[in-house]
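Peer 1:
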Ligand code: MN
């Protein structure tokens, strides 16, 4: 596997602003060197999140617009475009087709398309994408030539959709919850190991009946190590190398 010996935890999708004690989480990530992308769900909370992580070595704020909030918060995107100039990280964005309302879905697609167009004007943006029941449309929207990096967060689409996303160069972030579901396990087996990243999606995902925190990505590392019959350190180093490689390329 990897020649790298550094095994470090990282969380590409964590809702810092929704945690009970964001300051303590930031402190822990910094102290333990846990690289964390603090996603946001609406442009109105980006500034506060970015101040919270100002001066941090390991934690970065992402500008996001959660698809389920598009109808209520997606009208004025001016704040989004301004924030986009101040961060490389974008998320949580995407589509959520749990709603069957065609107008809601259309509005989500329109907003996502605008966001992706803006992102494509820069290079090297790192996107963390929500795609519940909408994998095909999210993969289409980003497309095969996006000049940055697409990470499908908590992917739950079909194997066919998965293969297309792999062909397009996407990455996949895996959280502790995904490891306990049979359908996710099937998906996980089909993802090339060099496209796998870690996430918690805390505090929405819980671990031992408490909200997941970035340090809980160790649970994913340990379970993958068991499945792959490798040492945890080796798997941790390999996955961290995936993340490092992604960040290195503009
Ligand atoms: Mn999320």
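Numbering (my numbering), first residue to last: 1 to 250. Heads up, the beta-carbon is just placed ideally off N, CA and C, and yes, glycines get one too. Quick caveat, the model's predicted, so the values are computed rather than measured.
1) Less than 8 Å separating the beta-carbons of residue 41 and residue 66?
2) How far does the beta strand (DSSP E) with residue 92 in it reach, from first residue to last?
3) Are the CB atoms of residue 129 and residue 93 within a distance shorter than 8 Å?
4) Do you know how far the Cα of residue 19 is from the Cα of residue 203?
5) Would you decide whether residue 144 is buried or exposed? Buried here means 16 or more other CB atoms lie within 10 Å of its CB.
6) Which residue marks the beginning of the alpha helix (DSSP H) containing residue 111, and which one marks its end?
7) Write down every uninterrupted run of the alpha helix (DSSP H) in the segment 123 to 210 whose length is 4 residues or greater and which is fully enclosed by it, in chain order.
8) With a Cβ-Cβ cutoff of 8 Å, do residue 221 and residue 175 count as a contact?
9) Any heavy atom of the ligand MN closer than 7 Å to the beta-carbon of residue 149?
10) Suppose you measure from the CA of residue 136 to the CA of residue 151; what does that come to, to the nearest Å?
11) Taking C-beta to C-beta, are residue 238 and residue 195 nearer than 8 Å?
12) Residues near the ligand MN, CB to any non-hydrogen atom under 7 Å, in chain order?
Peer 2: Taking the structure as given:
1) Walking along the chain shown from the start, residue 41 turns up at place 41. Walking along the chain shown from the start, residue 66 turns up at place 66. Yes.
2) Translated into positions along the chain shown, residue 92 becomes position 92. It spans 89 to 94 - the beta strand (DSSP E) in which residue 92 sits, taken as one unbroken run.
3) Here residue 93 refers to the residue found at position 93 of the chain shown. Here residue 129 refers to the residue found at position 129 of the chain shown. Yes, these two residues count as a Cβ contact at 8 Å.
4) Reading the chain shown from its first residue, position 203 is the one you call residue 203. Reading the chain shown from its first residue, position 19 is the one you call residue 19. So the two alpha carbons sit approximately 6 Å from each other.
5) By one-based count along the chain shown, residue 144 stands at place 144. Label assigned to residue 144: exposed.
6) Stepping through the chain shown from its first residue, residue 111 is reached at position 111. That run of the alpha helix (DSSP H) goes 102 to 120.
7) 135 to 142, 159 to 167 and 182 to 190
8) As a working note, residue 221 is residue 221 in the chain shown. As a working note, residue 175 is residue 175 in the chain shown. Going by C-beta atoms, residue 221 is not nearer than 8 Å to residue 175.
9) Position 149 of the chain shown, counted from the start, is the residue given in the question as residue 149. No, Cβ of residue 149 sits at least 7 Å from all heavy atoms of the ligand MN.
10) Within the chain shown, numbered from 1, the residue matching residue 136 stands at position 136. Within the chain shown, numbered from 1, the residue matching residue 151 stands at position 151. Roughly 14 Å separates the two Cα atoms.
11) Taking the chain shown and counting its residues from 1, one reaches residue 238 at position 238. Taking the chain shown and counting its residues from 1, one reaches residue 195 at position 195. The answer is no: Cβ separation not under 8 Å.
12) Listed along the chain, these residues meet the criterion: 13, 15, 39, 92, 130, 153, 201 and 204.
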